[in-house]
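The listed protein sequences correspond, in order, to chains E and U.
For the first sequence, our numbering gives the first residue as 5, with consecutive numbering after it.
For the second sequence, our numbering gives the first residue as 5, with consecutive numbering after it.
So the structure is just underneath, and the comments pick up after that.
Protein chains: 2
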Amino acid sequence: MGTGPFPQHVIARKRDGAELDRGEIESFVRGATDGSWADYQLSALLMAVFLRGMTPRETAILTEAMMHSGTVADLSSVRLPKADKHSTGGVGDKVSIQLAPMVAACGVAVPMVSGRGLGHTGGTVDKLESIPGFRTGLSVSEFRAQLEKIGVALISQTAELAPADRKLYALRDVTATVESIPLICASILSKKLAEGIDVLVLDVKFGRGAFMKSKARAHELAVALTSVARAMGKPTRAVMTSMDEPLGHTVGNALEIAECVACLKGSGPVDLMEVTYALGEQMLVLTGTAKDPAAARVLLEKSVSSGAALAKFRELVAAQGGDPRVADDPAILPAAQIKVPVPSPTEGWVRGVDALGVALAALRLGAGRAKAEDGIDPAVGIAGLAKIGQHVAKGEPLCIVHANDKARVAEAQAILARTITVGSSEVAAAPLIGEIIG
Amino acid sequence: MGTGPFPQHVIARKRDGAELDRGEIESFVRGATDGSWADYQLSALLMAVFLRGMTPRETAILTEAMMHSGTVADLSSVRLPKADKHSTGGVGDKVSIQLAPMVAACGVAVPMVSGRGLGHTGGTVDKLESIPGFRTGLSVSEFRAQLEKIGVALISQTAELAPADRKLYALRDVTATVESIPLICASILSKKLAEGIDVLVLDVKFGRGAFMKSKARAHELAVALTSVARAMGKPTRAVMTSMDEPLGHTVGNALEIAECVACLKGSGPVDLMEVTYALGEQMLVLTGTAKDPAAARVLLEKSVSSGAALAKFRELVAAQGGDPRVADDPAILPAAQIKVPVPSPTEGWVRGVDALGVALAALRLGAGRAKAEDGIDPAVGIAGLAKIGQHVAKGEPLCIVHANDKARVAEAQAILARTITVGSSEVAAAPLIGEIIG
C-alpha cells in the first residue's frame, strides 16, 4: 500500500481524461480488494471512468488486474478443451442450463460460474437452486474435481474468484456507474477468465428486455469484449441476439428448469433452441471440436436426439447434490398453488410481449429480487407465454400466472394484460440471431 | 430519508448532464449531513458535478441547502452593518488579521469565520493561535456576544455552521473533486452566508501561488461567486489579486502576526497594505459606510494613523483570551532558535519569488500541515523576504530562515535558493490589484 500512487492522484488523472498506467490501475484494483482505497475513492474513480472512458489498453489492464485479484482456477488437470458462455442478460434467458450439458456431451468441458438475479428475474444460479438439493456454492477445488470427473459444473460466484469485481460491482450498483463499457468488459471478463477456460462465447443481447437497449451500444460492447479478451490471449466470439420478448414460454425459476428439461428432450421452444444452438456452435468451433458452425450444429442436435445431453444433465444434477429425477419428471420441482390465465381480449396476432413488463410481473409474484437480500419463491412465475406473431382467439390464454400469494395475482394479471398486445393484422417476428463478432 | 429520491437516481441524472431540481439537491445535502447518503454515493455525485458542471440555478440551490444544513447565525442583535471578507487563499496572506480591526474601527462589524491551513502554510486561525492564549473555538452564541460588544470576532469553523460543507470538503480533498467552480462557490458561500453577514467581499487570487493558477479560471470563479451570492440576495464584490510572490515579507504563523501588527502601526509592507486597502474599501462601500472607494480609503488610513485599528486589535485579542501585549510588543510571540540567511549569489534585481516554493520551504520547517492531523510550530518560517524588482547586493540576504530543527535548515535554504531568482537587469513588479467584479 505504502508504495502505490495516491488514490486522489490516480482519480485526478482519469478525471482529466488521461490514460492510466499499469501501476495506477493495479493500485485501484488492489485498493478495492484489500481496502487500501476507501469506498468513496473507488466510486469517484468509477464515475470518472464512466464519464471519461478507458482505452482498450486500460480496459485490458483493468481486466487482468481484477482477474488476478483472487484465485485463477488452474484447470490443467481437466484434459478436455474448456469453453464457457456468458450472456449480458435477458428475461427468460435459461440457455446455460441446457447448453452446458449439450456442449459437455460433445466432449468440451464447461466450467461455468454464474450470478444470481438482481432487479429482474432470477439468475441461472437461482433457477438451478429450484431443483431440490442442488448446491451451487462449490469451492474452486470441488469445481475442478467435478470437471475432471464429468466435464461440467455450474456454480455461483465464489469469494475466491475475482473478489475485486464483487466489491466494484456492488459499488457500481448504488452509484449509477453500471452502464460503462470498459467497466462491464472488465467485470465480465475478469470473472470468466478466472475460471481457467480456453475459449469464451458471449451472448450480447440488445432490445427492450436487454441491459443494452440499443443495437449500436450492444455492438460497441461486443466489439470491446472480444477485443479485450483477444488482447488477453483468449479466443472469444460474441453472438448478438435480440431480446424484445422473453426467450421461450416461461419466466420463473422452477418453470424455466422444466422448460430446459424439455429442450434437452428435444421439445424446447424454437426461439430458445435457436439461441442455444447459435452459442453452442461457436463453443464447438472455437475449441476445434467442429470445423464449422454447420458441423457443430449436427453434433449438438445429435447430443439431444441421442439422449446424451439429458444424461449429462442428470449427472450434473446428481454431482451437485440435486435430485436427478428432475431430468425425467419435472413434477418434483416446486409448484405454485394458484394458476390463472391472462385471456386475450380479442382475436388477432400477438404484436408485442414486452420483456420488461413480463419481468416486472414475475418480480411482483416473488420470482426475482428487488434488493440483494430479498428471498425468492422458486415456484412462481409466468408460463405458456404467447410469442410475437402467434395467432390467438378471443379469450385464449396469452399466458398463465403461477402464484402463491393470492393478493399478488390481480396485479400481475394487470401488468401482463398491458404487456402482451394483440393486433388485427399478421406480424412477422424479428430475426433473433444477429451479427457474430470476433 | 424515506421520501427523498434514490441517491443512485440523482447521481445518474447528473452523470447524464441533466439539471438537478431542488428536491434532488436538497436530498444530496441532507444525505451529507445526516448520513442517509453513503460516502461513496456523495463522492460519485461530486465527481459527476466536477465533470458535468452545474447551472447557476443549481449552484444557488446547492449553496442555500448547504448554508441551511446547520445554524445560520442570527446577528440581528448586532446593530452595526456586518461585512466579511474571504480569500481563495495564497502564500503569506495574512490580510484578515489587520483588515478586520481596521474595518471594525470604521464602524462596520466583522463576523469572520476562518479555516486552518492544509497543504500550504497555516491559515488565519493557525496564525491567530500563535498569540499566547488566543482562542478561536468560539460557539455561535459567544461569537454573537463578542460582535455585540466590540464589533469584531475571528473564529474557526464550528460544527454548527454549514456542517454539510465540512463533510463534503473533507471528501473532495481525498477524491480529486476540489477544483470545481460550482463546488467551490457553494463551499465558500454556504459558510460565509451562514455567518449572518449583510455584505461579502471576496479576494479571488490568481497566479503561481494561488489555488487558481490561470487568470481566466480565477475570473470565471469570481463571476460565479458574485452572481450566486447576488441570486441569494447578498451584495457581494470580488477583487481579483495577483499571487505570484508571497504577500509581505513573512511566511510563518508568529512571524506573520508580527507583520500584521506592523501594518496596524502604519509600517506594513506596501503590497500587503495595497491588498488590505482594496478589500477594506469594498467592505465600507458595500455597507454604505463610505460613498466610494476613495472616501473609504481615507477612513481606513485614518483608522491606522489614529491608532484606532490597533486599539481594536488589542480589544479583539483580549476578548478571545489572548495576550493583548502582542499589539505593543511582538517579542511576546513564540520565536525560533535558529535564524539563518539565504544570501544572494550575485548582485542584481530580484526576478521571481515563487510563492509555492516559499510555501514548501515553510512546510518543511513545520509552519504548515501536510496532513490534517499534523501539528504546527508557530515560531518557524521565513522572514525578510525580498520582493520582485528589489535591488540586492551579492551576499545580501534574500530572506531569513527561522527554524527550530537544525536538520531542516539546509533543506529549506536549498529550496529557497532555487525559489528566489536574481537577474542582471531591472524588473518591474506586475500589478497586484486586478479587476473588481460584482
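From the three backbone atoms N, C-alpha and C, an ideal C-beta is built for every residue, glycine too.
Grab me the residues of residue i's own chain with a C-beta within less than 6 angstroms of its C-beta, minus the 5 sequence neighbours each way, in chain order.
i, result
"E:R56", "K18 and G21"
"E:F54", "T181 and S184"
"E:A340", "A383, V384, H406, A407 and N408"
"E:M5", "In this prediction, E:M5 has a pLDDT of 42, which is less than 50 and means its spatial position is unreliable; what the coordinates show is noted afterwards. Contacts found: S40."
"E:L172", "A36"
Counting only beta-carbon separations shorter than 8 angstroms, does residue i have a partner in chain U?
i, result
"E:L175", "yes"
"E:G6", "For E:G6, the predicted structure reports a pLDDT of 48, less than 50, and the residue's modelled location is therefore unreliable. A value from the coordinates is still provided. For E:G6, the answer is no, since every Cβ of chain U falls outside 8 angstroms of its Cβ."
"E:S47", "yes"
"E:V413", "no"
"E:T181", "yes"
"E:M58", "no"
"E:A374", "no"
"E:I15", "yes"
"E:V203", "no"
"E:V178", "yes"
"E:R19", "yes"
"E:Q341", "no"
"E:Q102", "no"
"E:Q161", "no"
"E:Q12", "yes"
Please check if any C-beta of chain E sits within less than 8 angstroms of the C-beta of residue i.
i, result
"U:R170", "no"
"U:F32", "no"
"U:D97", "no"
"U:R221", "no"
"U:L55", "yes"
"U:L367", "no"
"U:A226", "no"
"U:M51", "yes"
"U:Y281", "no"
"U:G150", "It is worth fixing the name first, because residue 150 of chain U is Gln in this sequence and not Gly. Not one chain E Cβ lies under 8 angstroms of U:Q150."
"U:D43", "yes"
"U:Q324", "no"
"U:Q455", "Since the displayed chain U opens at 5 and closes at 442, residue 455 of chain U lies outside it and no answer follows."
"U:Q394", "no"
Identify, in the order they occur along the chain, each residue of the same chain with its Cβ nearer than 7 angstroms to the Cβ of residue i, setting aside the five sequence neighbours on each side.
i, result
"E:P11", "G35, W41 and Q45"
"E:C264", "K98, I101 and Q102"
"E:V14", "L24, E28, S31, F32 and L49"
"E:S134", "N257, A258, I261, L337, P338 and P382"
"E:F138", "L132, V321, Q324, G325 and G326"
"E:A174", "none"
"U:A190", "T63, L66, T67 and M70"
Who are the Cβ neighbours of residue i in its own chain at under 8 angstroms, not counting the five residues just before and after it?
i, result
"E:R355", "I392, T425, V426, G427 and V431"
"E:S145", "none"
"E:V112", "L84, P85, K86, A87, G155, M287, L288, T291 and T293"
"E:M277", "C267"
List the whole-angstrom C-beta distance separating residue i from residue j, where the pair is believed to meet the contact cut-off of C-beta under 8 angstroms.
i, j, result
"U:G155", "U:L79", "So it is not a contact: roughly 11 angstroms between Cβ atoms."
"U:I380", "U:H406", "Not a contact, Cβ separation roughly 14 angstroms."
"U:V117", "U:A87", "Incorrect: roughly 13 angstroms between the Cβ atoms, too far for contact."
"U:V208", "U:M236", "U:V208 to U:M236, Cβ: 18 angstroms. No contact."
"E:A390", "E:V362", "Not quite, the Cβ-Cβ distance comes to about 11 angstroms (not below 8 angstroms), so this is no contact."
"U:P239", "U:V203", "5 angstroms"
"U:T92", "U:M216", "7 angstroms"
"U:G74", "U:L165", "5 angstroms"
"E:R412", "E:L369", "5 angstroms"
"E:I440", "E:R148", "The pair is not a contact, with the Cβ atoms about 31 angstroms apart (cut-off 8 angstroms)."
"E:A77", "E:E199", "6 angstroms"
Contact between the region 300-315 of chain U and the region 279-286 of chain U (3+ Cβ pairs under 8 angstroms): Contact holds: three or more Cβ-Cβ distances are below 8 angstroms.
Cβ contact (3+ pairs, closer than 8 angstroms) linking the region 70-79 of chain E and the region 180-195 of chain E: Taking 8 angstroms as the limit for Cβ pairs, the verdict is that the region 180-195 of chain E does touch the region 70-79 of chain E.
Segments assigned alpha helix (DSSP H), at least 4 residues, entirely inside the region 48-117 of chain U: Segments of the alpha helix (DSSP H) lying fully in the region 48-117 of chain U: 60-71 and 99-109.
Continuous beta strand (DSSP E) assignments of at least 3 residues falling wholly in the region 378-405 of chain E: Correct list: 385-387.
Every unbroken beta strand (DSSP E) inside the region 129-168 of chain E [3 residues or more]: Runs of the beta strand (DSSP E) lying entirely within the region 129-168 of chain E, each at least 3 residues long, are 156-160 in chain order.
Stretch pair the region 307-316 of chain U + the region 336-348 of chain U: three plus CB contacts closer than 8 angstroms: The region 307-316 of chain U, when compared against the region 336-348 of chain U, does not touch it at the 8 angstroms Cβ threshold.
Alpha helix (DSSP H) runs contained entirely in the region 292-339 of chain E, provided each spans 4 or more residues: You should have 297-309 and 312-323.
Whole alpha helix (DSSP H) elements within the region 168-217 of chain E, 4-residue minimum: Those alpha helix (DSSP H) runs which fall completely within the region 168-217 of chain E and span 4+ residues are 185-197.
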